[in-house]
Amino acid sequence: MESQIQKIHNQLVAKEFTCTELVKEKLALLKENKYNSVNTVLEDLALEAAAKVDAKIANGEEIGLLEGIPFGIKDVYMVQGTYTSASSDLLKNYKSAYTATAIQKLLDAGAIPMAKENCDSFGHGSSSENTVFGSVKNAIDTSLVAGGSSGGSAVNVAADYTVFSIGGDTGGSIRQPAGYNKIYGLKPTYGRVSRYGLMAYASSTDTVGPLAKSIEDVAIVMNVMSGKDPKDQTTISSEEINNAIVASKPEGVKIGYFKNFIENDAIDSKVKADFLATIEKIKAAGYEVQELDFFDADTLVSTYYTLAMAETASNLSRLDGTNYGNRIEDKNLKETYMVTRSENFTEETKRRIVGGNQVLSQGFSDAIYLKGQQLRTQIEEAFEADFNKVDIILSPVTPGPVPKIGEVLSNPHAMYLSDAYTVGFSLGQLPTLTCPFGTETGIQVTGAKNKEQTILQFANFLNQVK
Amino acid sequence: MSKIMPVDILSSIKGAKSSEAVDKLFDVIKNAEINSNSSNQNTKNAVSIDDLRADVVENSSEITKQIIRENFPKEKDGYLVVSKVIEG
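Top line first, the protein sequences correspond to chains A and B.
Going by UniProt numbering, the first sequence opens with residue 1, and the numbers climb by one from there.
Going by UniProt numbering, the second sequence opens with residue 1, and the numbers climb by one from there.
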């Protein structure tokens with residue numbers, strides 16, 4: 001698909017419609033919303049920003065590419081003065097006191113914030129059913145889940161409620177819902193986009209990334225959001241993605257895929273067949289494709305969840321109702337903490353906090369947490385070795401098809417295992433793009449750290465041969 | 001003298017206990033084999049001392065202060081009310 005951002009930009013400049021008209025149309029869709037994809041509609045903020053863009057156009061001033069483009073924000077990002085609930089009861093009425101760096105950069109570029117989007121509470125889920133705002137429905141088939149945790153963001157883009165949305169990806173939370181709703185979703189290299197103002201889930205793998213309908217739009221948004229930020233000291237510098245290079249044919253790149261992801265009993269037969277058919281098309285186009293060995297899915301999932309639970313237990317320990325949040329008073333301070341957290345966290349969030357505290361506690365930390373850290377180091381080393389052999393690693397997004405609403409949360413262990421193909425790249429802090437083709441839930445294109453341009457270029461080629 | 005603190009206290013969640021779904025994940029880690037030749041990459045992820053930001057106090061804007069006050073769960077006679085910390 002062509003760039004939606006470029007198309008709307010041209011239409012605004014040509015005065016085919018005003019920005020206010022565009023924003024009003026999208027606001028109506030977001031409010032009517034049959035997918036449960038939104039927690040708060042930012043009507044006043046959006047109309048105010050749209051009026052500024054219209055005034056510039058009326059004055060004959062030039063507007064930037066993102067000026068006047070409506071976008072959505074996963075409800076885990078701070079936007080000053082807006083509710084930021086993390087889809088939880090605890091923060092349902094919490095107002096952001098400041099704005100996240102990534103979002104501020106988009107606002108500075110003139111993009112129009114439309115809505116805070118429904119998601120799994122604190123990012124804890126793979127279906128966007130773990131939310132106090134009601135399950136998000138899939139944009140293509142409403143009997144299916146939207147995917148998670150950035151489910152509302154993926155649905156809003158797929159349904160054309162927003163032109164792009166900003167999700168958050170800790171273990172697959174952009175890539176999997178993007179695949180479930182047949183759009184693009186990029187998990188950037190860890191640190192490429194500032195996490196300042198993103199409500200922390202697992203700080204060592206949390207990333208900020210876009211969901212959009214075209215590869216070009218992903219690149220446009222990434223170029224605005226990327227960069228070092230003194231407020232997040234894990235940020236790294238990066239080069240701008242060149243859309244002309246992205247549009248050109250990739251030359252001399254070597255492709256790899258993990259044999260054990262494909263040759264196991266857990267993968268759906270159609271996902272396997274479709275993935276292998278894509279590999280054959282790539283070979284037919286003259287590219288060298290190598291089979292690679294990698295860690296088994298059980299080890300990847302267990303390592304990721306062990307570390308992510310430990311980090312979320314620490315990150316969410318501050319949520320006790322003392323300074324903000326829905327405090328429930330009880331007989332003393334300890335009981336007030338207990339009741340506030342017990343009543344206001346969802347079952348899945350509590351399961352992860354408890355799991356995290358288990359692995360961090362005496363007697364468990366050596367056997368589980370520290371061993372998990374060692375496994376992560378080995379996984380990172382394996383990626384480094386693989387990227388000495390190949391430039392791109394391809395994999396399905398999920399082992400199975402999109403689940404029906406109600407199937408996922410009832411079996412948490414199965415939910416964790418369904419993240420088998422996404423969590424490894426998170427542990428490796430690698431850039432990975434979901435493309436909406438190749439298998440029912442899409443195909444992931446991964447590169448070495450900071451190789452966003454390479455993966456977008458290869459994805460563009462794949463889009464042409466699919 | 002060590003005392004094991006139960007997970008419900010550690011988590012400040014009433015009745016919290018370990019779950020089978022999560023324990024299955026931990027069992028995989030317990031049984032996993034570690035390659036002893038693996039290097040320690042911790043230093044690779046460390047922040048360089050040159051990249052540390054200056055430790056300065058910045059005054060928040062009036063709107064930030066106002067929202068912080070608004071978010072506070074309880075206010076009485078112009079004071080923000082916290083739970084009773086010291087028991088009589």
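Where is the CB? At the ideal position from N, CA and C, for every residue including glycine.
Computed from a prediction, not measured in an experiment: that's the story for all the values here.
Residue range 452-465 is occupied by the alpha helix (DSSP H) that includes A:ASN460. When DSSP states are grouped into helix, strand and coil, A:LYS182 belongs to the coil group. Taking a contact as a CB-CB distance under 8 Å, the pair A:MET225 and A:ALA111 does not count as one, their CB atoms being some 10 Å apart. Counting only Cβ-Cβ distances below 7 Å, A:HIS413 has contacts in chain B at ALA21, LYS24, in chain order.
Taken through DSSP and simplified to helix, strand or coil, A:CYS19 comes out as helix. Given a length threshold of 4 residues, each whole run of the alpha helix (DSSP H) inside the region 96-142 of chain A is given here in chain order: 101-108.
Within a 10 Å sphere around the beta-carbon of B:MET5 sit fewer than 16 other beta-carbons, which makes this residue exposed.
Along the region 58-81 of chain A, going in chain order, the ones with a CB nearer than 9 Å to a CB of chain B are GLN80, GLY81. Using a Cβ-Cβ cut-off of 7 Å, A:ASP298 counts as an interface residue toward chain B, since at least one Cβ of chain B sits closer than that to its own. Contact between A:LYS389 and A:GLN457 is ruled out by a C-beta separation of about 19 Å, above the 8 Å threshold. Close CB contacts of A:GLY438 within its chain, under the 6 Å cut and outside five residues either way in sequence, are with THR278 (chain order).
Judged by their CB atoms, A:ARG351 and B:SER19 are nearer to each other than the 7 Å cut-off.
In the structure shown, A:THR446 falls within a strand segment according to DSSP collapsed to helix, strand and coil.
Between A:SER96 and A:VAL79, the C-beta spacing is below 7 Å. Around the beta carbon of A:ASP44, fewer than 16 other beta carbons lie within 10 angstroms, which makes this residue exposed.
If you draw a straight line from the Cα of A:SER173 to the Cα of A:SER126, it comes to about 7 Å.
Excluding its 5 nearest sequence neighbours in each direction, A:ILE392 has C-beta neighbours in its own chain below 8 Å: VAL253, LYS254, ILE255, GLY256, VAL445, THR446, GLY447, THR454, ILE455, PHE458, listed in chain order. By DSSP's assignment, A:THR432 forms a beta bridge with A:LYS187, A:THR446. Annotated three-state conformation of A:SER269 is helix, per DSSP. DSSP lists no bridge partner for A:ASP366. Here DSSP, grouped into helix, strand and coil, assigns A:ALA308 to helix.
At a cut-off of 7 Å between beta-carbon atoms, A:MET1 makes no contact with chain B. Pairing A:THR40 with A:GLY167, the inter-Cα distance amounts to about 15 Å. Following the DSSP letters along the chain, one finds A:ALA14 in no alpha helix (DSSP H), marked with neither H nor E. Look at A:GLN233 here: in three-state DSSP terms it is coil, with no helix or strand label. In this chain, the alpha helix (DSSP H) harbouring A:THR349 covers 347-360. Looking at the DSSP output, A:ASP169 sits in a beta bridge with A:THR207. Counting along the chain, the unbroken alpha helix (DSSP H) around B:VAL22 starts and ends at 20-31. Of the candidates A:LYS56, A:ILE353, A:ALA146, A:SER214, the residue whose Cα lies closest to the Cα of A:LEU316 is A:ILE353. It is roughly 54 Å from the alpha-carbon of B:LEU10 to the alpha-carbon of A:LYS283. A residue is called buried when at least 16 other Cβ atoms come within 10 angstroms of its Cβ; A:PRO230 does not meet this threshold and is exposed. Residue range 288-292 is occupied by the beta strand (DSSP E) that includes A:GLN290. As computed with DSSP, A:VAL41 is found in a beta bridge with A:ALA115. Looking at the DSSP output, A:TYR196 bridges to nothing. When secondary structure is reduced to three states using DSSP, A:LYS404 falls in the strand class.
In this structure, DSSP gives A:ILE255 an extended state, which the three-state scheme calls strand.
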